[in-house]
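Student: Pasting in a structure now, in structure tokens, and then I'll have a few things to ask.
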Amino acid sequence: MREVAIIGVGLNEKWGELWSKSLREIFTEAALNALDDAGVDKIDAMYVGSMSSGLFVGQEHIGSLLADYLGRTPLPATRIETACASGGAAVRLGFLDIASG
44 MREVAIIGVG
54 LNEKWGELWS
64 KSLREIFTEA
74 ALNALDDAGV
84 DKIDAMYVGS
94 MSSGLFVGQE
104 HIGSLLADYL
114 GRTPLPATRI
124 ETACASGGAA
134 VRLGFLDIAS
144 G
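Here is the structure:
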């Protein structure tokens, strides 16, 4: 297996209850900040950890939507739903994808 490193992270400027922002705005801001922090433009695949997006905003297809919001289509994009562990599971799957070549 090849070595893997996280080279960039992205956060939203504001935390907490963001009722004035759409899911699109929240996801896109964090993703663009991560790409900027990493200094990369090319994306081969995307894993999106999202807890209960279907319940809260009626949207189950978050991975592909984020790829579209970022103007990165076509792109393999997968939504990961494991309740409170969704983000960690998405990082794990990305790690395994890169490590396996």
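In our numbering, the protein residues as written are 44 to 144.
From the three backbone atoms N, C-alpha and C, an ideal C-beta is built for every residue, glycine too.
Treat the numbers as computed from the prediction; the structure is a model and nothing was measured.
(1) Taking the alpha carbon of residue 95 as the reference point, which residue from 134, 128, 74, 109 has its own alpha carbon closest?
(2) In whole angstroms, give me the CA-to-CA distance for residue 137 and residue 90.
(3) Candidates 126, 87, 92, 62: which alpha carbon is nearest residue 119's?
(4) Kindly give me the distance between the Cβ atoms of residue 78 and residue 100, rounded to whole angstroms, as I take these residues to be in contact under 8 Å.
(5) Let me make sure I understand the geometry here. Which of 132, 74, 45, 103 has the alpha-carbon closest to that of residue 112?
Tutor: Concretely, from the data shown:
(1) 128
(2) 6 Å
(3) 87
(4) Contact between residue 78 and residue 100 is absent: CB atoms are separated by about 23 Å, not below the 8 Å threshold.
(5) 74
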